[in-house]
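Just so we're aligned, residue 0 is where the sequence shown starts under numbering that gives the first Met the number 0, counting upward by one.
Have a look at the structure below, then the notes.
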Amino acid sequence: MRVLLVHPSPLLYAELYLRLEPLGLERVAAAVRMAGHDVRLLDLQVFDHAEYARVLNEFRPRAVGFSLNYLTNVPEVIDLAKATRARHPETFIFVGGHSASFVASELLEHAAGAIDCVVRGEGEVIAPRVLEAVGERGLERLPGVVTRDGAGPSPTLLDDLDRYPPARDLGRRRHRYFLGVLDPCASAELTRGCPWDCSFCSAWTFYGRSYRKSSPEAAAEDLARIREPNVFLVDDVAFIHAEDGFAIGREVERRGIRKQYYLETRCDVLLRNQEVFAYWRRLGLFYMFLGVEALDAEALKRHRKRVSTDANMEALQVARRLGLAVAINIIADPDWDETRFAAVRDWALTVPEIVHLTVATPYPGTETWLTEKRELTSHDYRLFDVQHAVLPTRLPLRRFYEELVRTQAVLNRKHLGWGALRRYGGPALRALARGQTNYLAMLWKFSAVYNAARQHGDHARPVTYAMRPRRVVTGAPTPAQLYIHQPQSARRTATA
Ligand code: B12
Ligand code: SF4
């Protein structure tokens, strides 16, 4: 069967700092191809809608699968599904991905018959089974599958991460993928899942707090296959278990693989497993993201971060000692006033790290979606991108954005524009010498992207597809309300 897999467009906010390959879709593509299908992959982050129409006409797929990891892409995917159904009524249309899993039935409602099914959870195992069942009745009996006639049993976890190495060969224009000065940059996954349970995050609810790892051989083989000199390791929390990081690292070293890496981890994991990070520094670890999230104990507790402010600050020192470029994130609450923004600005200017600011957002899949008592001020999917306020702001909304953008501008002065060139002039020139201009192009884009008037104006856009209103729970949410993949009692926990 001819199958076209499609990743939607990027958000401008994400595009400023990075643009990354659709790794999840490449894994699904690998599984579908292994099942004997003729697969093409189209990434609308680097192609336009005209190319989508062209591929549809030329390739004539029997099935089109959309990846929907982000709520902001919901309207685009619904509209593409409707346009596809109108022009090619025989085409089977399915949707999967992180956010699609949490809002499956409302997607089907919005699509009004243009989407045949939504696939919840990991796609590798179930996508080939869905394709096998195209044209048959009772799709909704398959695990994780939701149709307008009902929902199947809970999705099943992939038992072996090694089985479907990403089909990177199906992607085109790979030179457009980059992460800051790591230009061009590929993505790879060494482990999957997170055993913690931060209240603002949906990584743990998606994977049922499970944690799985690739074998050292398969992980190194995958890295060896990557042509780009830089790699984003997409693991939710890198090197939770030091021995796994060492085992993969030793295989990477044995095979003489030399790349520059970016990864994300928790501050307490860095403190506990310093040696494995130091080892990967020698293997090429260049850039690290640390989930700091808040500067005060009360907010850390509210986010259920299970880490102290002291540990966070100590971790920053460790990262500095390792000689890594470090980015951190702070969550701004819509309740912040000018004083709180000023305090973050003051602090951020005293540290060398790149400090990002996101806005606290209860999105479907997070615990706060179920428990946050404040009313949502918008049900526009496009505003659920952690750059807009969807809860009531203490400051007038326009003032809130002015403070947010002002703070981001101060923080960005350190690592965009000339400041960045002073710091990363060498790598930037090397990228340029390879014909790569993604990084240089982003350095002066800040005010086109972050702009209080524009962010405020986004709230006035007409809403075609409104998010289904939530029901706030009293007491602790149940597993059925929280999880996509139900937790296994036998899972390996990091905190044990
Ligand atoms: C890389 C990444 C990004 C990249 C996107 C790259 C890309 N082109 O896809 C960038 C940096 C742009 C990004 C941005 C954001 N991200 Co992000 N991101 C990730 C990250 C670290 C890795 C994604 C990944 O590659 N995973 C590995 C692959 C194998 O998994 P996967 O993509 O989920 O795919 C599987 C399934 O979802 C499913 N599937 C996927 N597509 C399809 C399609 C079909 C047809 C089927 C059947 C199945 C299917 O099968 C795949 C294989 O099992 C995840 C964390 C994580 N580890 O997943 C966070 C994560 C997904 N991001 C998150 C967030 C919050 C954001 C931001 C809102 C915030 C921010 N400041 O970064 C923005 C939103 C941007 C926007 N458009 O609104 C959250 C959840 C988002 C949500 N619930 O909406 C996560 C879980 C991180 C977290 N801990 O909170 N992100
Ligand atoms: S540690 Fe990171 S990935 Fe895990 S639940 Fe917390 S924020 Fe999410």
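Note that beta-carbon positions come from the ideal geometry of N, C-alpha and C, so glycine has one too.
Source: prediction; values computed, not measured.
Cutting at 8 Å between CB atoms, please list the residues of its own chain near residue i, excluding the five before and the five after it.
{"i": "E123", "result": "R26, V27, A29, A30, L157, R162, Y163"}
{"i": "V404", "result": "Y449, N450, A451, Q454"}
{"i": "Q480", "result": "L369, V472"}
{"i": "E252", "result": "L282"}
{"i": "L222", "result": "A187, V230, V251, I256, K258"}
{"i": "A277", "result": "L321"}
{"i": "R249", "result": "P215"}
{"i": "R167", "result": "E20, E25, R173, A185, R224, I225"}
Between the Cα of residue i and those of the options, spot the shortest distance and give me the residue it belongs to.
{"i": "F65", "options": "F93, Q44, A82, E89", "result": "F93"}
{"i": "L315", "options": "D332, I353, K300, A341", "result": "I353"}
{"i": "A359", "options": "I125, W335, P165, A331", "result": "A331"}
{"i": "A150", "options": "E135, V133, R119, L431", "result": "R119"}
{"i": "E89", "options": "P60, L79, S100", "result": "P60"}
{"i": "P127", "options": "Y400, Y210, L141", "result": "L141"}
{"i": "V498", "options": "H302, D345, G456", "result": "Because the chain in this structure spans residues 0 to 495, residue 498 falls outside the shown range and cannot be described."}
{"i": "S100", "options": "R433, R136, L79, T146", "result": "T146"}
{"i": "R53", "options": "R86, R254, S213", "result": "R86"}
{"i": "R226", "options": "H174, L284, P194", "result": "H174"}
{"i": "P215", "options": "D159, G192, Q435", "result": "D159"}
{"i": "F500", "options": "V45, D47, D37", "result": "This structure cannot settle anything about residue 500, because the visible part of the chain is limited to 0 through 495."}
{"i": "R172", "options": "D243, V45, A166", "result": "V45"}
{"i": "P426", "options": "Y286, Y400, A296", "result": "Y286"}
{"i": "K304", "options": "V236, G248, R254", "result": "V236"}
Does residue i come out as helix, strand or coil in the three-state DSSP assignment?
{"i": "V471", "result": "coil"}
{"i": "A326", "result": "strand"}
{"i": "H355", "result": "strand"}
{"i": "Y278", "result": "helix"}
{"i": "V124", "result": "coil"}
{"i": "I225", "result": "coil"}
{"i": "A408", "result": "helix"}
{"i": "R1", "result": "strand"}
{"i": "Q273", "result": "helix"}
{"i": "L43", "result": "coil"}
{"i": "L375", "result": "coil"}
{"i": "V343", "result": "helix"}
{"i": "M466", "result": "coil"}
{"i": "R320", "result": "helix"}
{"i": "Q259", "result": "strand"}
{"i": "T492", "result": "Only weak support is given to the placement of T492: the predicted model assigns it a pLDDT of 40, under 50, and the value that follows is read from those uncertain coordinates. It is coil, neither helix nor strand."}
{"i": "L294", "result": "coil"}
{"i": "A111", "result": "coil"}
{"i": "R172", "result": "coil"}
{"i": "H484", "result": "coil"}
{"i": "D161", "result": "coil"}
{"i": "D78", "result": "helix"}
{"i": "C500", "result": "The structure shown does not extend to residue 500, since the chain is modelled only from 0 to 495, so the question has no answer here."}
{"i": "V31", "result": "helix"}
{"i": "C266", "result": "helix"}
{"i": "L178", "result": "strand"}
{"i": "D457", "result": "helix"}
{"i": "V306", "result": "coil"}
{"i": "A237", "result": "coil"}
{"i": "V251", "result": "helix"}
{"i": "R84", "result": "helix"}
What residues in its chain sit with their C-beta under 6 Å from that of residue i, if we drop five residues either side in the sequence?
{"i": "F245", "result": "V275"}
{"i": "A241", "result": "N272, V275"}
{"i": "P500", "result": "Lying outside 0 to 495, the shown extent of the chain, residue 500 is not represented and no answer is given."}
{"i": "L348", "result": "none"}
{"i": "F288", "result": "E263, A326"}
In its own chain, which residues sit with a C-beta less than 7 Å from the C-beta of residue i, not counting the 5 before and 5 after it?
{"i": "L17", "result": "F177, L178, G179"}
{"i": "V291", "result": "C266, N311, I327, N328, I329"}
{"i": "P74", "result": "Y380, R381, T463, Y464"}
{"i": "D334", "result": "R393"}
{"i": "V68", "result": "The sequence given here places Asn at residue 68; Val does not occur at that position. Excluding positions up to five away in sequence, the list reads G23, G96, H97, S98."}
{"i": "F383", "result": "L70, T71, T360, Y362, V389"}
{"i": "R373", "result": "L390, P391"}
{"i": "S104", "result": "V145"}
{"i": "V63", "result": "L3, V5, T83, T90, I92"}
{"i": "R397", "result": "A451, H455"}
Got a sec: does the ligand COA put a non-hydrogen atom nearer than 8 Å to the Cβ of residue i?
{"i": "H109", "result": "In the structure shown, the ligand COA is absent; the only ligands present are the ligand B12 and the ligand SF4."}
Report yes or no: do three or more beta-carbon pairs, one from the region 254-265 and one from the region 168-184, lie closer than 8 Å? Between the region 254-265 and the region 168-184 there are three or more inter-stretch CB-CB distances shorter than 8 Å, so the stretches are counted as touching.
Three or more C-beta pairs under 8 Å: does that hold for the region 194-202 against the region 221-232? Touching, no, given that fewer than three Cβ pairs across the two stretches are closer than 8 Å.
Would you call the region 454-474 and the region 369-380 touching, i.e. three or more CB-CB distances under 8 Å? Three or more Cβ pairs drawn from the region 454-474 and the region 369-380 lie within less than 8 Å of each other, which places the two stretches in contact.
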